[in-house]
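Under my numbering, read the sequence shown as residues 139 to 572, first letter to last.
Everything on this sheet refers to the single structure shown next.
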Amino acid sequence: MQQSPASRPQSTDPYWWVAAPREERSAAPVPTAADVAIVGAGYAGLSAALVLARAGRSVVVLDAEAPGFGGSSRSGGMVGHGHRLSYAALKARYGQARAVALIKEGSASLDFVAGLIEQEGIDARFARVGRFRGALKAADYDTLGREADLLRREAGVAVEVIPKPEQHREIVTPAYHGGQLFPEHGGLHPALFHQGLLAVVRKAGVPVIGFTPVEHISSDSDGKLVRTARGSVRARDVIVATNGYTGKATLGLARRLVAMPSYIIATESLGRNRVQSLVPNLRMLVETGDRHLYYRPSPDGTRILLGGRAALHPIPLERAADILARRLASVFPDLAGVGIAHAWTGNIAFTRSDLPAIGARDGLWYALGCNGSGVALMPYLGAKLALRVLGDPEGATAYDDIPFKAVPLYDGTPWFRPLLSYYYRAKERLAGHT
C-alpha cells in the first residue's frame, strides 16, 4: 500500500523531546567506588537512587545513553493502576486474595507517582483526567462490564461502564461499542517527569552518568566490580533497572525479558477545540483487541498522540507512521489525512508472567518488566527495591514471589519478533481491522 504524503513524519524524534531534550554527551568522571551502583537511569533507577541517597548511601547511576533516552522519555505518558493481565485473568491464575493484592499494588503505584510529583515539585504536566477503554467488539463490551463489576465489588476500584449511546460524552467515534471509564487514572509528560526526577536525584548528590555502557559485572569477596567503557566502579550492591534495554552484561536477566518495540505518532497541531470535539474530557484512551492502540491528547490539548502494535520487530518509522495514521483514521475518520509531526519508537520489556519482576538474582538486585505499564510501576518499584536493599520490610510487594522465568531457547536476542508481527497482522486482517 502506498504511503500517504501526510503520514510521512516531519521528525523521528519523540514529540516529548521538544519540551525536554535529552542531554548531550558528557565527560563526567566515573567514581571508583560507591555503596550502590545502579545500571539504568530511567524511572526505576532514579527512584531507587533517590531513596538510597536520602538514607545516607553513596550511589552512582550509569546509563549507556543519555539519562532517560529509553522508555522513560518515549512512552505515551499514561498513568494508571493496571497490569497487562485483566483482573479476571489475575483471579483465575492466582485466586481472589492475590488478585486483589496485585490490583491494590498497581493502585499504590499510581498514588506513589502522584505524591512524588507533588512532593518534589516536578512540572510533569500531570492531571487525573481519567482513562476510557473502548470495546472494539460488542462481545468486548460485555466482558468489560463483567470486569468492572468484579473490580468494584472485590477490589474497590473506581470504574464506570459507559454504554454505546452515551459514549459520545467520552469519545466521538463510531469505532467502539461502549467501554470502561477509570476516573482516577491520568496522564503526564513523560520526558518532563524524567527530567524533573533527574534534577531531584542530582540535587540529592547522586552522580548520574550517561554514555557509559556497562560491559561486565563481577563478584569477589569485596563486593561487585562494575566495569564500564570509561572505568570501573566497586560497589557493595548493584541494581539493574534497564527494562526494555537490558543487554548482554546482565545476560541472566536479559533471558527473562523480551523487548518489543512500540511505535507512536503525534499529529500536527490541530487546535484545542478540534481535539476536544473528539475527546471532550481530554481523557487517556485505550481499546480492546490485538492492535493494542493507546492514544491521548497532548498535555496542552492541541494534538493527538497514538501508539500501538505497528509491528513487533523494528520497521522503518515512515512505514510505522503510515500504519498508525490509518489506525488513527479508523478511530477518528475526521482525522484522515492530517499531518504527522513526529513518529518514534521505544522498547517495552515483557515477562513470561505478564507482571513486573522485582528481587535479586545472581547477586544483582533488579526491578524490570513493565509489560507496557511502566510510567507508574517503574518509579514505584524502584523505590520499593531501594528499601529492600536497605533491609527495610516496607520494600515488600505483591510481586515478590511471582516467578521470573527465562524464555526457553532464548539468549536475550528476540529473533522471533518478525514471526509474531506476521501472526498478529494476519489476525487483524481476519478481524477486518487495518
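C-beta: ideal position from N, C-alpha, C; glycine also.
Contact defined as beta carbons within less than 8 Å: I believe Ile309 pairs with Leu443. What is the distance between those atoms, to the nearest angstrom?
The pair is not a contact, with the Cβ atoms about 15 Å apart (cut-off 8 Å).
Range of the contiguous alpha helix (DSSP H) that encloses Ser185:
181 to 192
Enumerate in chain order the residues of its own chain whose CB-to-CB distance from Ser210 is below 7 Å, with the five nearest sequence positions on each side excluded.
Gly180, Tyr181, Pro328, His332
Of all the options Ala514, Gly510, Val513, Thr535, which has the alpha carbon lying nearest to the alpha carbon of Lys522?
Thr535
Residues near Val151 in its chain [Cβ-Cβ closer than 7 Å; skip 5 each side]:
Contrary to the premise, residue 151 reads as Asp rather than Val in this sequence. For Asp151, where only same-chain residues beyond five positions count, the Cβ hits under 7 Å are His480, Trp482.
Only counting the same chain, and skipping five residues up and downstream in sequence, which positions put a Cβ closer than 6 Å to that of Arg271?
Gly317, Gln318, Val424
For Gln257, is the classification buried or exposed, using 16 other Cβ atoms within 10 angstroms of its Cβ as the cut-off for buried?
exposed
Pull up the CB-CB distance for Phe542 and Gly497, whole angstroms please, since I reckon it's below 8 Å.
7 Å
With distances taken Cα to Cα, identify the nearest neighbour of Val396 among Ala230, Ser145, Gly550.
Gly550
Out of Leu200, Ala262, Gly409, point me to the one whose CA is closest to Gly334's CA.
Ala262
Let me check understanding here. Comparing Cα to Cα, which of Gly445, Arg307, Pro552, Gly427 lies closest to Thr93?
For the chain, the structure presents residues 139 to 572; residue 93 sits outside this window and is missing.
Give the straight-line distance between the Cα atoms of Pro517 and Ser511, rounded to the nearest whole angstrom.
11 Å
I'd like the list of long-range same chain contacts for Tyr561, defined as Cβ closer than 8 Å, with 5 residues on each side in sequence excluded.
Any reading at Tyr561 needs caution, since the residue's pLDDT is 48, under 50, leaving its predicted position unreliable; the model's value is listed next. Excluding residues within five positions, none has a Cβ falling inside 8 Å.
Ala293 versus Thr170 - alpha carbon distance:
48 Å
For Leu519 versus Val339, is the C-beta spacing smaller than 8 Å?
no
Hey, could you find the ends of the alpha helix (DSSP H) His332 is sitting in?
328 to 341
What are the start and end residues of each continuous alpha helix (DSSP H) run of 4 or more residues lying completely inside the segment 434 to 511, in chain order?
455 to 469
Let's see if you can read the secondary structure: which residues bound the alpha helix (DSSP H) around Arg410?
410 to 416
I need the straight-line Cα distance from Pro186 to Asn381, nearest angstrom please.
According to the sequence shown, residue 186 is Ala rather than Pro. Roughly 14 Å separates the two Cα atoms.
Could you check what DSSP says for Pro517 in three-state terms: helix, strand or coil?
helix
What whole-angstrom Cβ distance do Val527 and Val267 have, given they're in contact under 8 Å?
Not quite, the Cβ-Cβ distance comes to about 35 Å (not below 8 Å), so this is no contact.
Do Gly206 and His221 have their beta-carbon atoms positioned less than 8 Å apart in this structure?
no
I need the DSSP call for Thr311, collapsed to helix, strand or coil.
coil
Where does Trp154 land, buried or exposed, given buried means 16+ other C-beta within 10 angstroms?
buried
DSSP-derived helix/strand/coil call for Pro303:
helix
Cα separation between Pro351 and Gly390?
17 Å
Could you check whether the segment 189 to 206 touches the segment 218 to 235, counting it as contact only if at least three pairs of C-beta atoms, one from each stretch, sit closer than 8 Å?
no
Excluding the five sequence neighbours on either side, which residues of its own chain have a C-beta within less than 8 Å of the C-beta of Arg441, listed in chain order?
Tyr153, Ala404, Thr405, Glu406, Ser407, Leu408, Val413, Pro435, Ala479
Tell me, please, whether the CB atom of Phe207 is closer than 8 Å to any CB atom in chain D?
Looking at the structure shown, chain D is missing, and only one protein chain is on hand.
Who are the near neighbours of Val295 in its chain, counting only those whose CB is closer than 6 Å to its CB and skipping five residues on each side?
Leu289
Helix, strand or coil for Tyr561 per DSSP?
The pLDDT assigned to Tyr561 is 48, lower than 50, so where the model puts this residue is not dependable, and the model offers no usable value.
Alpha-carbon spacing of Ala373 relative to Lys362, whole angstroms:
5 Å
Of the choices Val364, Arg368, Gly215, whose alpha-carbon is the least far from that of Arg163?
Arg368
With a 10 Å radius around its C-beta and 16 neighbouring C-beta atoms as the bar for buried, classify Ala165 as buried or exposed.
exposed
Neighbourhood of Gly283 by C-beta, 6 Å cutoff - its chain only, sequence neighbours within 5 removed:
Val299
Given Gly507 as reference, the closest of Pro471, Met398, Gly439 once Cα atoms are compared
Met398
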